[in-house]
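S.K.: For the protein sequence lines, the chains are A and B, in the order given. Numbering (the working numbering) for the first sequence: 118 to 311. Numbering (the working numbering) for the second sequence: 118 to 311.
There are 2 protein chains.
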Amino acid sequence: MMTEAPARLLIVDDDLDVLSAHARFLRVEGFEVSVASDATSAIGRLSEEAFDLMITDLKMPGSDGLELTQWVRESLPDLPIFLISGMATMPEVVGAMRLGAVDFLEKPVDPEALVDKIRAILATHHASPLGRLPRVGVQAQPLTDRVRAFEKHLLEQALQDSGGSVKETMKRLGLSRRTLNEKMARLGVRRSDS
Amino acid sequence: MMTEAPARLLIVDDDLDVLSAHARFLRVEGFEVSVASDATSAIGRLSEEAFDLMITDLKMPGSDGLELTQWVRESLPDLPIFLISGMATMPEVVGAMRLGAVDFLEKPVDPEALVDKIRAILATHHASPLGRLPRVGVQAQPLTDRVRAFEKHLLEQALQDSGGSVKETMKRLGLSRRTLNEKMARLGVRRSDS
DNA sequence: CTAAACTCGGCAAGAACTTGCCGATTGGGG
DNA sequence: CCCCAATCGGCAAGTTCTTGCCGAGTTTAG
Numbered sequence: 118m119m120t121e122a123p124a125r126l127l128i129v130d131d132d133l134d135v136l137s138a139h140a141r142f143l144r145v146e147g148f149e150v151s152v153a154s155d156a157t158s159a160i161g162r163l164s165e166e167a168f169d170l171m172i173t174d175l176k177m178p179g180s181d182g183l184e185l186t187q188w189v190r191e192s193l194p195d196l197p198i199f200l201i202s203g204m205a206t207m208p209e210v211v212g213a214m215r216l217g218a219v220d221f222l223e224k225p226v227d228p229e230a231l232v233d234k235i236r237a238i239l240a241t242h243h244a245s246p247l248g249r250l251p252r253v254g255v256q257a258q259p260l261t262d263r264v265r266a267f268e269k270h271l272l273e274q275a276l277q278d279s280g281g282s283v284k285e286t287m288k289r290l291g292l293s294r295r296t297l298n299e300k301m302a303r304l305g306v307r308r309s310d311s
Numbered sequence: 118m119m120t121e122a123p124a125r126l127l128i129v130d131d132d133l134d135v136l137s138a139h140a141r142f143l144r145v146e147g148f149e150v151s152v153a154s155d156a157t158s159a160i161g162r163l164s165e166e167a168f169d170l171m172i173t174d175l176k177m178p179g180s181d182g183l184e185l186t187q188w189v190r191e192s193l194p195d196l197p198i199f200l201i202s203g204m205a206t207m208p209e210v211v212g213a214m215r216l217g218a219v220d221f222l223e224k225p226v227d228p229e230a231l232v233d234k235i236r237a238i239l240a241t242h243h244a245s246p247l248g249r250l251p252r253v254g255v256q257a258q259p260l261t262d263r264v265r266a267f268e269k270h271l272l273e274q275a276l277q278d279s280g281g282s283v284k285e286t287m288k289r290l291g292l293s294r295r296t297l298n299e300k301m302a303r304l305g306v307r308r309s310d311s
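(1) Within its chain, find whatever has a CB closer than 6 angstroms to the CB of leucine 292 of chain A; leave out the 5 residues flanking it on each side and keep chain order.
(2) Under DSSP, the beta strand (DSSP E) around methionine 171 of chain B begins and ends at which residues?
(3) In chain order, what residues of the same chain have a beta carbon less than 7 angstroms from the beta carbon of methionine 287 of chain B, not counting five sequence neighbours either side?
(4) Classify aspartate 278 of chain A as buried or exposed, calling it buried when 16 or more other Cβ atoms lie within 10 Å of its own Cβ.
(5) Per the contact definition of three or more C-beta pairs closer than 8 angstroms, is the stretch 259-270 of chain A in contact with the stretch 183-195 of chain A?
(6) For chain B, is any of its Cβ atoms less than 7 angstroms away from the one on leucine 127 of chain A?
(7) So, using beta-carbon positions, are leucine 170 of chain B and leucine 126 of chain B closer together than 7 angstroms?
(8) In the structure shown, what three-state DSSP assignment does serine 151 of chain B receive?
(9) Leaving aside the five residues before and after isoleucine 128 of chain B along the sequence, list all residues of the same chain whose C-beta is less than 7 angstroms from its C-beta, in chain order.
(10) Of the residues that make up the stretch 261-275 of chain B, which ones have a beta carbon closer than 9 angstroms to any beta carbon in chain A?
(11) Are there 16 or more other CB atoms within 10 angstroms of the CB of aspartate 134 of chain B, so buried, or fewer, so exposed?
(12) Between the stretch 191-205 of chain A and chain B, which residues of the former have CB atoms less than 7 angstroms from a CB of the latter, in chain order?
(13) Report yes or no: is there a C-beta of chain A within less than 7 angstroms of the C-beta of glutamate 209 of chain B?
(14) For leucine 222 of chain B, which of helix, strand or coil comes out of DSSP?
(15) Please decide whether phenylalanine 221 of chain A counts as near chain B, where near means a Cβ-Cβ distance under 7 angstroms.
(16) Go ahead and pull the three-state DSSP assignment for arginine 289 of chain B.
(17) Just reading off the beta strand (DSSP E) that arginine 125 of chain B is part of, what are its end residues?
(18) Check each candidate in B:Pro123, B:Ala124, B:Ala167 and B:Glu146 and name the one with the smallest Cα separation from proline 228 of chain B.
(19) Chain B partners of methionine 171 of chain A, CB-CB under 9 angstroms?
(20) How many whole angstroms separate the CB atoms of alanine 205 of chain B and threonine 186 of chain B, which I take to be in contact at a CB cut-off of 8 angstroms?
(21) Which residue or residues does DSSP assign as beta-bridge partners of leucine 193 of chain B?
(22) Which word fits proline 123 of chain B, buried or exposed, when buried means at least 16 other C-beta atoms lie within 10 angstroms of its C-beta?
(23) Note down the Cα distance separating leucine 163 of chain A from leucine 271 of chain B, rounded to an integer number of angstroms.
(24) Just verifying my parser: in three-state terms, what is the DSSP assignment at glycine 248 of chain A?
(25) Among residues of its own chain, excluding the 5 on either side of aspartate 130 of chain B, which ones have a beta-carbon nearer than 6 angstroms to its beta-carbon?
(26) Short of 8 angstroms in beta carbon distance, which residues of its chain neighbour arginine 159 of chain B, apart from the five on each side in sequence? Order them along the chain.
(27) Locate the alpha helix (DSSP H) running through serine 158 of chain A, then write down its first and last residues.
Take a look at the structure:
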């Protein structure tokens, strides 16, 4: 369980049901969540407040997720972006990643998986040399937890990059099959067959 | 048609028919084309000659396109890479892009479109020497090394935030004094008295 | 249906890490 | 000079992690 200063998330989605559902769930998980239902208001929010992560739907009426991503990349280079979309075409995904999205999730989004990814990204980002946000006084957090989160993130990412193949992942990470399995079990990483 | 120095392309594909077909077509289009039928020989080529662009199949026997991409990203950061694949899953595409591929094409590849993309990439690349630097986690080496590096970073950061005080740092990281000392020694972290 | 390729997880020996206990060192104050 | 505070590192018992060996489901291609 984490007790550090809550991370601030901005969720953007034109589907209000999805939006509020995600927002509610993430708040329960301890994040500080702001929402926006379109790119314009999202940009408004981003302009007046600092966020640790933005999660946006790719397909929205008007200015869409890609444009929003682009705007963010130019204006807030350090803000990690998660793109979410159902029925995304390959070119769209490619474009999104090229624009600098950190990850791409397909609808429907598994809340648990989303939370894991969020935590993982925040863990790496906080540690990265970019420490852009003013840090609060005593934000002590066990080293082991942070390292664990990071390791978990690496595992998930490698696994995903390998298309879910354990064999491929172990080569990529330089681990023996057995060790990889152990770590996955220990850290609660599952192969998400896509 | 201009007469500038022809761009040098390296095409990697295990399917020799596809390989030669593409090579032939691209040569007709005025590119200087080299080919390789597997990752190993591709690396060989890349090691001995300079290229402007590499086009590789994602799925190949043995060391696959992802590994090749990874190798290139580490060794030749500026070389743009096109990945080609049929039946690629979303996570694979995301992973490939995250590894730094410039574009991702689906088989069967339309030669005309390919040429367009090649020209476009070469143009932009020549124009902006940096391409896109801000990429996220490029998969590098063994998991353990990366985790170690991360932990070291956290230690250094915490130590610095504590003004070099070990006592303060141990509280902050939730470690016993002895453990902290051990880690510092193991990871080669020293107190930089400021 | 069978063979081959992948994956999993139990088990156990060995390696690596954690941590309390002790004594030693270094700098200030008193 | 002595005492206190902050650090270090040796030692050793206790834990946790790594990894090879084995046997067992699952999938996939023939």
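By construction, the Cβ of each residue, glycine as well, lies at the ideal position given by its N, Cα and C atoms.
M.R.: The relevant details are as follows:
(1) none
(2) In the DSSP assignment, methionine 171 of chain B falls within the unbroken beta strand (DSSP E) covering 170-174.
(3) Taken in chain order, the residues that qualify are Ser293, Arg294 and Leu297.
(4) buried
(5) These segments do not touch.
(6) no
(7) yes
(8) strand
(9) Leu136, His139, Ala140, Val150, Val152 and Ile172
(10) Answer in chain order: Thr261, Asp262, Arg263, Val264, Phe267, Glu268, His270, Leu271, Leu272, Gln274 and Ala275.
(11) exposed
(12) Pro194
(13) yes
(14) Strand at leucine 222 of chain B.
(15) Taking Cβ atoms only, chain B reaches closer than 7 angstroms to phenylalanine 221 of chain A, which makes this a yes.
(16) helix
(17) 125-129
(18) Among B:Pro123, B:Ala124, B:Ala167 and B:Glu146, the Cα nearest to that of proline 228 of chain B belongs to B:Glu146.
(19) By Cβ distance, chain B contributes nothing, its closest Cβ being about 14 angstroms from methionine 171 of chain A, past 9 angstroms.
(20) The beta-carbon separation of alanine 205 of chain B and threonine 186 of chain B, rounded to 13 angstroms, does not stay under the 8 angstroms limit for a contact.
(21) Bridge partners of leucine 193 of chain B: none, in fact.
(22) exposed
(23) 28 angstroms
(24) With a pLDDT of only 32 at glycine 248 of chain A, under 50, the local geometry of the prediction cannot be trusted, and no value is derived from it.
(25) Leu136 and Asp174
(26) The question names arginine, yet the displayed sequence has alanine at residue 159 of chain B. Around alanine 159 of chain B: Leu127, Val129, Ala153, Met171, Thr173 and Leu185.
(27) 156-165
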